[in-house]
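The sequence shown maps to residues -5 to 537 in this note's numbering. No residue lacks a Cβ here, since even glycine has one placed at the ideal position from N, Cα and C. Note that the structure is a prediction, hence the values are computed from the model and not measured. Only one structure is covered here, and it is reproduced in the block below.
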Amino acid sequence: MTRMTRTTRTTRATRKSFNAAGPCDPADHYMLPALPRLPGIKNLIEKKKSFVITAPPRSGKTTILHSVVFDLNKEGKRLALRCDLETIRGIDDVDGAMNALLENLRLSLRFSGAEALKKAGEDESLAKPASDPAFKGRPLELWLRTLCSRLEKDLVILFDGADCPSGGVLMSFFRQLRSGFAESGRNPFPRSVGLAGVRDVRNRVPETCPGERPDPLLFVDFAKNPLTPKDFTLAEMKALYAQHAEASGQAFTGKAVLRARQWSEGHPGLVNALAGEVVENIFDSDYDLKVTEALIDDAAKNILKRRNPLFDRLSENLPDPGVRRVVGPMLAGGVVSSFPKDEADDVGGSADDGRFAMDLGLVKKNGSFRPANPIYHAALARHLSFSAMTFLPRKREGERTDREKPGMMDILRKFSRLWNKSGHDCLKNFFCPEAAPYLALFAFLHEVLGGTAEVKAEYAGPGRFSDIVAISGGKKLVVATECHRRCPETRENRKRLEKLMERKLADDCWMVVFTGNVKKGFEIQESVKWHHVSGCRIIVEIG
């Protein structure tokens, strides 16, 4: 290949990029066909069924809705319109929310790709506010009837961000849809309505309307089970990255794609973010170099170091009691499978605690909860550890821990003394007390080893363990933690650490065992006990 040929391909590649910041456009971004990720959606529309779509942030919901609208309008059998309900988030006044919603619907008509919808948007009767007497207290229902009466074809309307409204606004929204469905056989009304959001919007009614018991018939017109877009498979990731290789000549090695799959577990936003970080930031759009496994690792580290928009929505919801009751014990190494109602405690949990964490994409469930992917697991530990760091003594001016190069034994002894002195205050001030011991140790190792080692959180086993890993001088040091109410049972964790050593996946392993509970506090005995198991050095500190 000549240099001139490479330049031509590179110029073409600059027209597209890997997008992780919002909806994808095939003209600007590398992307796979969106509709195959949500099989069955067109079949529901053909049967005049309404439906709910749920998926975590940055997983492609809006991109899929745009694709549905484009395909339906292109086919010409019916008309399709998308409207974003994000504009009425936080509006408690029903009339004010309905005014904002009708204005947004009118703007959606004006910028629609279908001429029939654009023409309908010019109708003055659709420009009336929700308080206009012509709408008789049911503005959304009657506005949709008016719109459909102006159209010669059936209308499919898709509401994005449908979990944004709350309280009385959400109840009014559903009641008007229900009333419209009930009369759709005799009066014009959309043939199908889609509601897309992070959470199943039908669950938001009882959550945001305390004491209100919604009529079960309120949701009868919607398909029983929500639709959830599939994550990318390894084959789909190869196809996506191959688009960049075809356009630029810059290939992703097979190991690089596999590594990206391991980091992201197919989450679309992370799949794009990893590739974009390598191509645009690490390589600075130099397409002459191959993307390797090591570069994908570097990309993951960079994403975690920066405040990535992918993590903003997650951070906003971490203080939620339901999320805390799942994430805290999971990071602390406990098995979390469900929460019966009688276990609700001072953190305000309920039987549905795990549902919100799963809706957000923080965790997955396979028997028990586990982090959704290694990047989110590391991001959770990093974010939550900032709260735990408040109990750590600050470095004096000019102090350099990287010159001290302390051994892990001395470091753990120092942590043990510090925890027994200040750990109770950490528990009191920390909003996720179940994970406080693990996160305090994570923060401490970051503080002490920050100049000499890379310290990261690692999910270590199916539904049970979280490790702290320090990589220094080419060596991998693993520190496992356990929290117990009574006498610790560390046999399972020891066997796991033995296997790490036997398979040469770690150079040294330690285990720190906390005993106690959240209310009374976790203790660590100052003396350090050494155990040699199959050549694996394990420190067990027992209170």
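What residue from Phe45, Ala372, Arg144 and Met495 has the CA that sits closest to Trp543's CA? Missing from the structure shown is residue 543; the chain here goes from -5 to 537 and no further.
With a threshold of 16 other CB atoms inside 10 Å of the CB of Pro229, please say whether the residue is buried or exposed. Translated into the one-based positions of the sequence shown, residue 229 becomes position 235. A quick correction: the sequence has Ala, not Pro, at residue 229. Ala229 comes out exposed.
Over what stretch of residues does the beta strand (DSSP E) that includes Arg48 continue unbroken? Reading the sequence shown from its first residue, position 54 is the one you call residue 48. Note on residue identity: the sequence assigns Thr, not Arg, to residue 48. Segment Phe45 to Thr48, the beta strand (DSSP E) holding Thr48.
Verify whether the separation of the beta carbon atoms of Met402 and Val357 is less than 8 Å. Your numbering for residue 402 matches position 408 in the sequence shown. Your numbering for residue 357 matches position 363 in the sequence shown. No. Outside cutoff.
Cα separation between Val88 and Ala14? For this step, residue 88 is matched to residue 94 along the sequence shown. For this step, residue 14 is matched to residue 20 along the sequence shown. Answer to the nearest angstrom: the Cα atoms are 34 Å apart.
Whole-angstrom distance between Phe277 and Gly174, CA atom to CA atom: The sequence position of residue 174 within the sequence shown is 180, counting from 1. The sequence position of residue 277 within the sequence shown is 283, counting from 1. In this model, Gly174 and Phe277 are separated by some 55 Å (Cα to Cα).
With a 10 Å radius around its C-beta and 16 neighbouring C-beta atoms as the bar for buried, classify Gly467 as buried or exposed. Position 473 of the sequence shown, counting from 1, holds the residue named residue 467. Note on Gly467: under 16 other CB atoms within 10 angstroms of its CB, so exposed under the neighbour-count rule.
Going by the beta-carbon positions, is the gap between Leu268 and Ala294 smaller than 8 Å? Start at 1 with the first residue of the sequence shown, and residue 268 comes out as number 274. Start at 1 with the first residue of the sequence shown, and residue 294 comes out as number 300. Contact flag set, yes.
Where DSSP assigns a beta bridge to Pro20, which residues make up the other side? Within the sequence shown, the letter at position 26 stands for residue 20. Partner(s): none; Pro20 has no beta bridge.
So for Arg319, helix, strand or coil by DSSP? Position 325 of the sequence shown, counted from the start, is the residue given in the question as residue 319. Helix.
Quick check: the stretch 26 to 38 against the stretch 59 to 78, are at least 3 beta-carbon pairs closer than 8 Å? Enough Cβ pairs lie closer than 8 Å, so yes.
For Gly184, count the other beta carbons within 10 Å of its own beta carbon; 16 or more makes it buried, fewer makes it exposed. Which is it? Taking the first residue of the sequence shown as position 1, residue 184 is located at position 190. Inspection of the sequence shows that residue 184 is occupied by Pro rather than by Gly. When all chains shown are included, Pro184 counts as buried.
Residue range of the beta strand (DSSP E) that Ala78 falls in? Position 84 of the sequence shown holds residue 78. With the sequence shown as reference, residue 78 is identified as Asp, and Ala is not the correct amino acid for it. Segment Leu73 to Asp78, the beta strand (DSSP E) holding Asp78.
Residues sharing a beta bridge with Trp504, DSSP: One-based indexing of the sequence shown puts residue 504 at position 510. For Trp504, which the question treats as bridged, DSSP gives the partners Val473.
When DSSP labels each residue in this structure, what does Ser331 get in the three-state scheme? Numbered from 1 along the sequence shown, position 337 holds the residue referred to as residue 331. Residue confidence for Ser331 is low, a pLDDT of 49 falling below 50, so the modelled location carries little weight and cannot support an answer.
Am I right that Ala429 and Leu491 are in contact with their C-beta atoms under 8 Å? What's the rounded C-beta distance? Within the sequence shown, the letter at position 435 stands for residue 429. Within the sequence shown, the letter at position 497 stands for residue 491. Incorrect: roughly 20 Å between the Cβ atoms, too far for contact.
Measuring only the C-alpha atoms, how far is Glu337 from Gly322? To locate residue 337, count along the sequence shown from 1; it is residue 343. To locate residue 322, count along the sequence shown from 1; it is residue 328. Confidence in Glu337 is poor, its pLDDT being 38 and thus under 50, which makes the residue's placement unreliable; the coordinate value appears in the next sentence. Using only the alpha carbons, I get a separation of about 15 Å.
Can you tell me which of the three DSSP states Ser344 falls into? If you number the sequence shown from 1, residue 344 lands on position 350. Bear in mind that the predicted position of Ser344 carries a pLDDT of just 45, short of 50, making it too unreliable to give a figure here.
Classify Ala375: buried if its beta carbon has 16 or more other beta carbons within 10 angstroms, exposed otherwise. On the sequence shown, residue 375 is found 381 positions in, with the first residue counted as 1. Ala375 should be labelled buried.
Range covered by the beta strand (DSSP E) that runs through Lys359: For this step, residue 359 is matched to residue 365 along the sequence shown. Here the beta strand (DSSP E) through Lys359 covers Val357 to Asn360.
Distance between beta carbons of Phe436 and Phe409, contact taken as under 8 Å: As a first step, residue 409 is located in the sequence shown; it is residue number 415 there, counting from the start. As a first step, residue 436 is located in the sequence shown; it is residue number 442 there, counting from the start. That belief does not hold up - the Cβ atoms of Phe409 and Phe436 are roughly 11 Å apart, past 8 Å.
Go through the stretch 265 to 303 residue by residue and report every complete run of the alpha helix (DSSP H) that reaches 4 residues or more, in order. 287 to 299
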